[in-house]
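The structure under discussion appears below in the form of structure tokens.
Protein chains in written order, with my numbering: chain A, 3 to 272; chain B, 3 to 324.
This is the structure:
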């Protein structure tokens, strides 16, 4: 029944889609290598030095490092505190665990726009106002909801007989968590870390609103400023854009299974 | 049991201390208290996450509603205006424009990618090409790129000397050459296409993986009945993909409603007000014009609409699948 033509058609569709995705990406990379400020592509003259120039352009490199600190810290803190909370909710079933879980779920549904105005004033009143510190706190708070939701699902998949026998062997609650629950949920924890890292690195809006100090801007906002400031140096701007995209794209290429499965099942469960 | 559970709840710390300073209570009483302490101490595991979550999400959510009833410029004294901010927002002529643009974005962010995704999923499912690793990697790539990078790409594609205009010149359609993002007519759809480009891969992979979960007996049965490709699509593939379509709709419609970065960094809502969006109105009201209460009111409206969209789609899907 399945004709050869249908197989050809389905490959044709996949190739067309891949091509549509590829055109802007290739255009960006080639423009980043252009020797001309207007970004004209010269395939025989690829100027790799653009990346070095981009790194130095208005301290762009230091903003990249700042984003690295931001994404790294938020990911680390989230991956420590979200599974702990999920453990109390899914395994220990502490009193009020249902209400707690609902509370965390509600937070996933509220868009950032619904909290951004008071969040700005809350953060402005703190000692770390307008710095990367306020972004770290805000991003951890925003990541925790999904983290608890995600880790709870992973912990619920652990057979309860396993947990019971460990308890009978005298394992305390923290030992149970550290030696049984967490190792079994390692794949889910890795996916959570990757997704959190990507969301925090890619954020523009939150940083744009919360951080006013130009030295403390994460790299996405800096690049956003460049699109206005350096519109005439298209090649350097593209090089900057490639540098912004690169860390997550590299992570994606290494862990693509986790990224795709994480986003798809995260979406499905949400 | 209830008394033991609720009594220490009132003073958690005190109970803990009491237990440690008075260890020589009768064994029977200690046994009775121990479980409740043990249960409550489980809260220690939740506390770090709950504290930062409450600080960043729960409290500001409540504050948003509270702020939205005040007329406040961020520094001076505030006046209670009841629903004044909501009336202002809902009667703002720019809101009508923003909503029209949102409808256009829903087409580009949601409907177009979902249709493309369904067609490709149907084809791929029929031919048994599961969309191998390479295609998956490429098609999903836009999902991991940040909006600012997409903005840079779109500038290069659609600027006056961009790829699209060069292409039009080469094929002899030079009359169509124009600064696309500066055009009243074209800026909005061109920005919409960036949305299609980003969400297309997500929809496709969501549906292709969904087709994998449809029992193959259903396809066999359809083929035995002599159903053609189109019949098969409407009677097997589409009904089987209802949950995935619902998820894709929820994500992409809410995405279309919340567009900010893409518009802010390319057109700032212009030319004129031709690409203004609800999120842009929020930002300008709260942070450029300094109408904090007004901004909060827009935020509350956006949150309500987003949650309502999600709930309506979930309710609709539940009815369809049960």
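Yeah, the Cβ is synthetic: ideal placement off N, Cα and C, and Gly gets one too.
For the alpha helix (DSSP H) containing residue 38 of chain A, name the first residue and the last one. Locating residue 38 of chain A in the first chain gives position 36, where the first residue counts as 1. It is not in any alpha helix (DSSP H) - residue 38 of chain A carries neither H nor E in the DSSP assignment.
Which residues of chain B have a Cβ atom closer than 8 Å to the Cβ of residue 102 of chain A, listed in chain order? Taking the first chain and counting its residues from 1, the one referred to as residue 102 of chain A is at position 100. Those are 48 and 52, listed as they occur along chain B.
Does any residue of chain B bring its CB to less than 8 Å from the CB of residue 146 of chain A? By 1-based counting over the first chain, the position of residue 146 of chain A is 144. Yes, because at least one Cβ of chain B sits closer than 8 Å to the Cβ of residue 146 of chain A.
Could you confirm whether any beta carbon from chain D is found closer than 8 Å to the beta carbon of residue 38 of chain A? Considering every chain present, this structure includes no chain D. Its protein chains are A and B.
For residue 84 of chain A, count the other beta carbons within 10 Å of its own beta carbon; 16 or more makes it buried, fewer makes it exposed. Which is it? Position 82 of the first chain, counting from 1, holds the residue named residue 84 of chain A. With 16 or more Cβ atoms within 10 Å of its Cβ, residue 84 of chain A is classed as buried.
Distance cutoff 8 Å, beta carbons only. Does residue 218 of chain B sit that close to anything in chain A? For the purposes of this step, residue 218 of chain B is taken as the residue at position 216 of the second chain. No, residue 218 of chain B lies away from the interface with chain A (no Cβ there is under 8 Å from its Cβ).
Skipping 5 residues on each side, what residues in its chain have a beta carbon closer than 6 Å to that of residue 87 of chain A? Taking the first chain and counting its residues from 1, the one referred to as residue 87 of chain A is at position 85. Hits under 6 Å: 150.
Could you spell out the range, first to last residue, of the alpha helix (DSSP H) harbouring residue 55 of chain B? Sequence index remark: in the second chain, residue 55 of chain B carries index 53 (1-based). First-last of the alpha helix (DSSP H) with residue 55 of chain B: 45 to 55.
Specify whether the stretch 174 to 190 of chain B and the stretch 265 to 276 of chain B touch according to this definition: at least 3 beta carbon pairs, one from each stretch, less than 8 Å apart. Judged by Cβ distances under 8 Å, the stretch 174 to 190 of chain B makes contact with the stretch 265 to 276 of chain B, as three or more pairs qualify.
I need the DSSP call for residue 201 of chain A, collapsed to helix, strand or coil. For the purposes of this step, residue 201 of chain A is taken as the residue at position 199 of the first chain. Residue 201 of chain A falls in the helix class under three-state DSSP.
How about residue 236 of chain A and residue 47 of chain A: do their beta carbons lie closer than 8 Å? In the first chain, the residue the question calls residue 236 of chain A occupies position 234. In the first chain, the residue the question calls residue 47 of chain A occupies position 45. In this structure, residue 236 of chain A sits away from residue 47 of chain A, with a CB-CB distance that is not shorter than 8 Å.
Contact set for residue 249 of chain B: own chain, Cβ-Cβ below 8 Å, skip 5 residues either direction: Along the second chain, one-based indexing puts residue 249 of chain B at 247. Excluding sequence neighbours, residue 249 of chain B sits near 208.
Sequence-distant residues of the same chain with beta carbon closer than 7 Å to residue 302 of chain B, five excluded per side: Within the second chain, numbered from 1, the residue matching residue 302 of chain B stands at position 300. Closer than 7 Å at Cβ, skipping near neighbours: 66, 67 and 70.
Got a sec: is the Cβ-Cβ distance from residue 25 of chain B to anything in chain A below 8 Å? In the second chain, the residue the question calls residue 25 of chain B occupies position 23. In this predicted model, residue 25 of chain B has a pLDDT of only 41, less than 50, meaning its place in the structure is not dependable; the value taken from the coordinates is given anyway. Chain A, which has no Cβ nearer than 8 Å to the Cβ of residue 25 of chain B, makes this no.
What's the C-alpha gap between residue 25 of chain B and residue 95 of chain A? Taking the second chain and counting its residues from 1, the one referred to as residue 25 of chain B is at position 23. Taking the first chain and counting its residues from 1, the one referred to as residue 95 of chain A is at position 93. Low local confidence applies: a pLDDT of 41 at residue 25 of chain B is under 50, so the model's placement there is unreliable, with the coordinate-based value given in what follows. Distance between the alpha carbons of residue 25 of chain B and residue 95 of chain A is about 27 Å.
Excluding the 5 residues preceding and the 5 following residue 206 of chain A in the sequence, name in chain order all residues of the same chain whose CB lies nearer than 7 Å to its CB. Locating residue 206 of chain A in the first chain gives position 204, counting from the first residue. Answer for residue 206 of chain A: 222, 223 and 226, listed in chain order.
Residue 93 of chain B: first and last residue of the uninterrupted alpha helix (DSSP H) it sits in: Position 91 of the second chain, counted from the start, is the residue given in the question as residue 93 of chain B. Note, residue 93 of chain B: alpha helix (DSSP H), 86 to 93.
Buried versus exposed, by CB contacts within 10 Å (16 or more), residue 92 of chain B: Position 90 of the second chain, counted from the start, is the residue given in the question as residue 92 of chain B. By the Cβ-count criterion, residue 92 of chain B is exposed, with fewer than 16 other Cβ atoms from all chains shown falling within 10 Å of its own Cβ.
Residue-chain proximity (residue 74 of chain A, chain B), Cβ-Cβ < 8 Å: Working through the first chain from its first residue, we reach residue 74 of chain A at position 72. No, because no Cβ of chain B sits closer than 8 Å to the Cβ of residue 74 of chain A.
Give the DSSP-derived three-state secondary structure of residue 81 of chain B in the structure shown. Sequence index remark: in the second chain, residue 81 of chain B carries index 79 (1-based). In this structure, residue 81 of chain B counts as strand in the three-state DSSP scheme.
With the cut-off set at 8 Å, would you say residue 158 of chain B and residue 29 of chain A are in Cβ contact? Here residue 158 of chain B refers to the residue found at position 156 when the second chain is read from its first residue. Here residue 29 of chain A refers to the residue found at position 27 when the first chain is read from its first residue. Result yes, Cβ atoms of residue 158 of chain B and residue 29 of chain A sit closer than 8 Å.
Proximal chain B residues relative to residue 237 of chain A, where beta-carbon distance stays under 9 Å: Translated into the one-based positions of the first chain, residue 237 of chain A becomes position 235. Neighbours of residue 237 of chain A on chain B: none; closest Cβ ~10 Å, over 9 Å.
Applying the 10 Å Cβ sphere with the 16-neighbour rule, what's the burial state of residue 12 of chain A? As a position in the first chain, residue 12 of chain A is number 10, starting the count at 1. By the beta-carbon neighbour count (other beta carbons within 10 angstroms, threshold 16), residue 12 of chain A is buried.
Give me the Cα-Cα distance between residue 239 of chain B and residue 148 of chain B, rounded to the nearest whole angstrom. As a first step, residue 239 of chain B is located in the second chain; it is residue number 237 there, counting from the start. As a first step, residue 148 of chain B is located in the second chain; it is residue number 146 there, counting from the start. Straight-line measurement puts the Cα of residue 148 of chain B at about 33 Å from the Cα of residue 239 of chain B.
Within 8 Å of any Cβ in chain A, is that where the Cβ of residue 304 of chain B sits? Here residue 304 of chain B corresponds to residue number 302 of the second chain, with the count starting at 1. For residue 304 of chain B, the closest Cβ of chain A is nearer than 8 Å.
Quick check on the burial criterion: 16 or more other C-beta atoms within 10 angstroms. Buried or exposed for residue 28 of chain B? Position 26 of the second chain, counted from the start, is the residue given in the question as residue 28 of chain B. Because residue 28 of chain B carries a pLDDT of 43, less than 50, the predicted location of this residue cannot be relied on, and no value is offered for it.
Output needed in chain order: residues of the stretch 201 to 218 of chain A with a Cβ under 9 Å from some Cβ in chain B. Those residues of the stretch 201 to 218 of chain A that come within reach of chain B (Cβ to Cβ, closer than 9 Å) are 203, 204, 205, 206, 207, 210 and 211.
Beta-carbon within less than 6 Å of residue 216 of chain B's beta-carbon, same chain only, minus the 5 sequence neighbours each way: which residues are those? Position 214 of the second chain holds residue 216 of chain B. Cβ neighbours of residue 216 of chain B beyond the five flanking positions: 242.
Three Cβ pairs or more, each shorter than 8 Å: is that satisfied between the stretch 131 to 151 of chain A and the stretch 227 to 246 of chain A? No, they do not touch.
According to the Cβ coordinates, are residue 47 of chain B and residue 257 of chain B closer than 8 Å? Stepping through the second chain from its first residue, residue 47 of chain B is reached at position 45. Stepping through the second chain from its first residue, residue 257 of chain B is reached at position 255. Their beta carbons are not under 8 Å apart, which means residue 47 of chain B does not touch residue 257 of chain B by this criterion.
Check whether the stretch 177 to 194 of chain A touches the stretch 154 to 168 of chain A, taking contact to mean three or more Cβ pairs, one atom from each stretch, closer than 8 Å. Between the stretch 177 to 194 of chain A and the stretch 154 to 168 of chain A there are three or more inter-stretch CB-CB distances shorter than 8 Å, so the stretches are counted as touching.
Flag residue 320 of chain B as yes if its beta-carbon sits less than 8 Å from any beta-carbon of chain A, otherwise no. The residue you call residue 320 of chain B lines up with position 318 of the second chain. For residue 320 of chain B, the closest Cβ of chain A is not nearer than 8 Å.
Along chain B, which residues have their Cβ under 7 Å away from the Cβ of residue 143 of chain A? Counted from its first residue, the first chain places residue 143 of chain A at position 141. Contact annotation for residue 143 of chain A against chain B: 54, 55, 57, 58 and 59 [CB-CB distance below 7 Å, chain order].
Expected contact under 8 Å - CB spacing of residue 108 of chain B and residue 306 of chain B to nearest Å: Taking the first residue of the second chain as 1, we reach residue 108 of chain B at position 106. Taking the first residue of the second chain as 1, we reach residue 306 of chain B at position 304. Rounded to the nearest angstrom, the Cβ distance from residue 108 of chain B to residue 306 of chain B is 17 Å, too far for a contact under 8 Å.
To be precise: take each residue of the stretch 254 to 270 of chain A, compare its Cβ to all Cβ atoms of chain B, and keep it if any distance is under 8 Å. Which residues remain? Residues passing the 8 Å Cβ filter: 254, 255, 258, 261, 262, 265, 266, 269 and 270.
For a cutoff of 8 Å on Cβ pairs, would you count residue 34 of chain B as touching chain A? If you number the second chain from 1, residue 34 of chain B lands on position 32. Confidence at residue 34 of chain B is low in this model, with a pLDDT of 48, below 50, so the placement of that residue should be treated as unreliable; the coordinate-derived value is given next. Taking CB atoms only, residue 34 of chain B has no neighbour in chain A less than 8 Å away.
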